[in-house]
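Worksheet: the structure to be examined is printed underneath.
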């Protein structure tokens, strides 16, 4: 079963094609590392998959239909460049609020669980405006996982995380995969993504230059994929 299906997808900003002829399949339970240099189109593609932006041309199906459906959005966890946190609320209040928006049972209990899992229990009642970038990133990770989504879309999730927090995130992503959830990770930190990935897609100037299984060769030499396919599109 495919959780994501893209057929000949284009996205334009004015006359500029940020995405060109993207056709992609992502199977349920897989972890896709979405790679590419700055400006390759990774964030644009993730925003379309999350239902936050419309494709200019082509067909997009996520979890069996349009990603803009309410049912689909309730089943997707998103971590983007904008962390979508409320600075004037505490960490606990942020997660409790999102839990209520997702109609979770016992949102306060769920919020406390995720603060514990991301190492933020000691600052549960501190305002987010006083958090470091790394703490804010961990809270955003907790928000993305809070409602146990079927599909996780993570844009540069390792940014600003210290080594301990990177380990926590990697453990969460491995557990998500073991539970059958599907993950798409867009990142410049190739090694961390490849350690988790079952599959890889490489975007070059808005085109899909490579899609396939993650191989041992990629793990041994994270730069190999760029050297082999980086100028292919």
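Residue numbers (the working numbering): -16 to 216. Idealized CB from N, CA, C, for every residue including glycine. In this text the structure is predicted, and so the values were computed from the model without any measurement.
Check each candidate in the options and name the one with the smallest Cα separation from residue i.
i: residue 1; options: 196, 187 and 211; result: 187
i: residue 204; options: 192, 172 and 194; result: 172
i: residue 70; options: 51, 59 and 115; result: 115
i: residue 87; options: 8, 132 and 119; result: 132
i: residue -10; options: 191, 213 and 196; result: 191
i: residue 45; options: 66, 183 and 8; result: 8
i: residue 67; options: 201, 126, 212 and -16; result: 126
i: residue 122; options: 100, 134, 136 and 135; result: 100
i: residue 161; options: 13, 6 and 58; result: 13
i: residue 150; options: 164, 102, 111 and 170; result: 102
Grab the span of the beta strand (DSSP E) containing residue i for me, first residue to last.
i: residue 4; result: -1 to 10
i: residue 128; result: Taken as a continuous stretch (DSSP letters only), residue 128 belongs to no beta strand (DSSP E), being part of the alpha helix (DSSP H) at 116 to 128.
i: residue 192; result: 190 to 196
Using the Cα positions of residue i and residue j, report the straight-line distance between them to the nearest angstrom.
i: residue 15; j: residue 180; result: 6 angstroms
i: residue 3; j: residue -7; result: 5 angstroms
i: residue 19; j: residue 25; result: 7 angstroms
i: residue 217; j: residue -12; result: It is not possible to answer for residue 217, since the shown part of the chain is limited to -16 through 216.
i: residue 93; j: residue 129; result: 7 angstroms
i: residue 198; j: residue 207; result: 11 angstroms
i: residue 166; j: residue -3; result: 30 angstroms
i: residue 168; j: residue 174; result: 12 angstroms
i: residue 82; j: residue 90; result: 5 angstroms
i: residue 30; j: residue 104; result: 30 angstroms
i: residue 141; j: residue 40; result: 31 angstroms
i: residue 109; j: residue 78; result: 13 angstroms
i: residue 95; j: residue -5; result: 42 angstroms
i: residue 193; j: residue 213; result: 9 angstroms
i: residue 219; j: residue 152; result: This structure cannot settle anything about residue 219, because the visible part of the chain is limited to -16 through 216.
i: residue 72; j: residue 23; result: 35 angstroms
i: residue 231; j: residue 124; result: Since the first residue shown for the chain is -16 and the last is 216, residue 231 is missing from the structure and cannot be characterised.
Between residue i and chain D, is the shortest Cβ-Cβ distance under 9 angstroms, so that the two count as touching?
i: residue 10; result: The displayed structure is made up of one protein chain only, and chain D is not part of it.
Grab me the residues of residue i's own chain with a C-beta within less than 6 angstroms of its C-beta, minus the 5 sequence neighbours each way, in chain order.
i: residue 107; result: 74, 75 and 98
i: residue 136; result: 29, 32, 33, 61 and 167
Can you name, in chain order, every residue of its own chain whose Cβ lies under 8 angstroms from the Cβ of residue i, other than the five neighbours on each side?
i: residue 201; result: 177, 183, 207 and 208
i: residue -1; result: none
Starting from residue i, trace the alpha helix (DSSP H) in both directions and tell me its first and last residue.
i: residue 165; result: Run containing residue 165: none in the alpha helix (DSSP H); it sits in the beta strand (DSSP E), 165 to 169.
i: residue 199; result: 199 to 203
i: residue 148; result: 146 to 161
Can you tell me the Cβ-Cβ gap for residue i and residue j, rounded? I've got them flagged as a contact below 8 angstroms.
i: residue 138; j: residue 62; result: 6 angstroms
i: residue 120; j: residue 143; result: 5 angstroms
i: residue 48; j: residue 57; result: About 13 angstroms separates the two Cβ atoms, so there is no contact after all.
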